[in-house]
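Structure record follows, encoded as C-alpha cells.
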Amino acid sequence: MKEIMSEESESIQSNDDNAEEAENKTVYQQRLDRRQEQTVRPIIAYALLGSMALILILVVFLLPRMVNEDEASTTNQNLDEARVEQMQLDEAVLAQKPIAQALLSELLAKIDELELSGVQIWAQSEWKKINTIQDEGDTAYLNRSYDMAAASYRTAMQLLIDLEVAVPSILQQSLSQGQAAILQENKPLAISNFETALAIDGFNQLAKAGLDRALKLDKVIALSNQGKRLAEEREWIESIEAFQAALAIDSNWKPALE
Numbered sequence: 001m002k003e004i005m006s007e008e009s010e011s012i013q014s015n016d017d018n019a020e021e022a023e024n025k026t027v028y029q030q031r032l033d034r035r036q037e038q039t040v041r042p043i044i045a046y047a048l049l050g051s052m053a054l055i056l057i058l059v060v061f062l063l064p065r066m067v068n069e070d071e072a073s074t075t076n077q078n079l080d081e082a083r084v085e086q087m088q089l090d091e092a093v094l095a096q097k098p099i100a101q102a103l104l105s106e107l108l109a110k111i112d113e114l115e116l117s118g119v120q121i122w123a124q125s126e127w128k129k130i131n132t133i134q135d136e137g138d139t140a141y142l143n144r145s146y147d148m149a150a151a152s153y154r155t156a157m158q159l160l161i162d163l164e165v166a167v168p169s170i171l172q173q174s175l176s177q178g179q180a181a182i183l184q185e186n187k188p189l190a191i192s193n194f195e196t197a198l199a200i201d202g203f204n205q206l207a208k209a210g211l212d213r214a215l216k217l218d219k220v221i222a223l224s225n226q227g228k229r230l231a232e233e234r235e236w237i238e239s240i241e242a243f244q245a246a247l248a249i250d251s252n253w254k255p256a257l258e
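Counting in full-length UniProt numbering, the sequence shown runs from 1 upward without gaps.
Here it is, written out as C-alpha cells:
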C-alpha cells in the first residue's frame, strides 16, 4: 500500500514538473515561433518570386522557340511538298518536248506548202498572226516550257489548216472579182485579183488571160471610148476601125462587141 501511494506521489510530482516545464517552454516557443514566422515569410515570398521568374523565362524565351520550331517544321514540310509537286510538274512538261518537236516539224512543212499558194499575199493579217504565234512557241521551247510551246504550235497549225481549206474558194473568188473589175474598167483591182489567183495557182490559164487583159485595159478602154465618140459624130467608118482595134487587143471586150 505504501508502495502504491509512493508511486502515485512520484507521478503527481512528475506531472507538476512537466506542466511547469511546458509553461516555461511555451513562452520561449512563442518567441521562437514569431522569429520563425518572420524568417519564413520572406523565404516564401522569395520562393514565389523565383517561381514566377522561372515561369516568365519559360514563356518569354522557350515558348516562342518551341512555336518557331513547330512553324519551321511546318514550313519544311510545305517546302518538301512543293518540291515534289514541282518535280512532278517538270516531268509532265518534259514529256511534252517530243510532242512540241513533232508539231514544229509539221508546222514548218505546212508553212512551206502554203507559201507556194501565195498565202502571204492574200491572207496577210492571218499570216502575220501565225508567225507571231510560232515565235511565241519558239520562245517557250527555248525556255524549256515545252507544254506552252506545243500549245502555240497547235494553234498556229490550226490557223494554217483553215487557210489551206480556203485556198480553192479564194482562187475562184479572185478570178470572179478580176473579171468584174475589167468590166468596171478598174485596172488596179483587176490586176490585184488576177495576181492573187496566179499566186495560188501559177498555171491557171484563166488567171493568166485575165492578167493579160488587165494590163492592156487602158489601151482597150481608150479605143472603145474613141469608137463611141466617133459613132456619136456619125463617123461610122472611123468608129468601126476604133472598135476593131480594141478587139484586136482584147477579143472579149464587150463594149466593142456591142
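Yeah, the Cβ is synthetic: ideal placement off N, Cα and C, and Gly gets one too. In this text, all values refer to a predicted model and were calculated from it rather than measured experimentally.
Answer yes or no: do GLY137 and ALA123 have a C-beta to C-beta separation smaller than 9 Å? No.
Cβ atoms of GLU195 and SER121: under 9 Å apart, would you say? For clarity, residue 121 is Ile in the given sequence; the question names Ser instead. Yes, these two residues count as a Cβ contact at 9 Å.
Assigned secondary structure, SER174 (DSSP; H/G/I helix, E/B strand, else coil): helix
Assumed close pair LEU159, ILE130 - CB separation to whole angstroms, cut-off 8 Å: Yes, LEU159 and ILE130 are in contact; Cβ-Cβ is about 5 Å, under 8 Å.
So, using beta-carbon positions, are GLU106 and MET148 closer together than 9 Å? no
Thinking C-beta only, is ASN193 closer than 9 Å to SER169? The answer is no: Cβ separation not under 9 Å.
When the Cα atoms are used, what is the spatial distance from ALA245 to ILE237? 12 Å
Which class does ALA123 belong to by DSSP, given the choice of helix, strand or coil? coil
Go ahead and pull the three-state DSSP assignment for LEU116. Correct three-state label for LEU116: coil.
According to DSSP, is PHE203 helix, strand or coil? PHE203: coil per DSSP, three-state reduction.
Could you check what DSSP says for ARG213 in three-state terms: helix, strand or coil? Three-state result, ARG213: helix.
In the DSSP assignment, the alpha helix (DSSP H) including SER239 goes from what residue to what residue? 236-249
Going by the beta-carbon positions, is the gap between LEU163 and ALA197 smaller than 9 Å? no
By a C-beta neighbour count over all protein chains shown, 10 Å radius and 16 as the cutoff for buried, is ALA214 buried or exposed? buried
Straight-line Cα distance separating TRP127 from LEU116: Straight through space, the alpha carbons of TRP127 and LEU116 are spaced by roughly 13 Å.
Helix, strand or coil for SER192 per DSSP? helix
Select from TYR153, ALA109, LEU189 the residue whose C-alpha is nearest the C-alpha of THR132. TYR153
With LEU189 and ALA181 assumed to form a contact (beta carbons below 8 Å), what rounded beta-carbon distance in angstroms separates them? 4 Å
Using C-beta distances below 8 Å, list every residue in its chain close to LEU230, excluding the 5 sequence neighbours before and after it, in chain order. TRP236, GLU238, SER239, ALA242
Hey, would you say TYR146 sits closer than 9 Å to LEU94, going by beta carbons? Contact: yes.
How should ALA248 be labelled, buried or exposed, when 16 other C-beta atoms within 10 angstroms of its C-beta is the threshold for buried? exposed
For ALA209, tell me which candidate among ASP250, ALA140, ASN225, ILE111 has the shortest Cα-Cα distance. Ranking ASP250, ALA140, ASN225, ILE111 by Cα distance to ALA209 puts ASP250 first.
Mind checking residue 308: buried by the 16 CB within 10 Å criterion, or exposed? Within the shown structure, residues of the chain are numbered from 1 to 258, placing residue 308 beyond reach of any answer.
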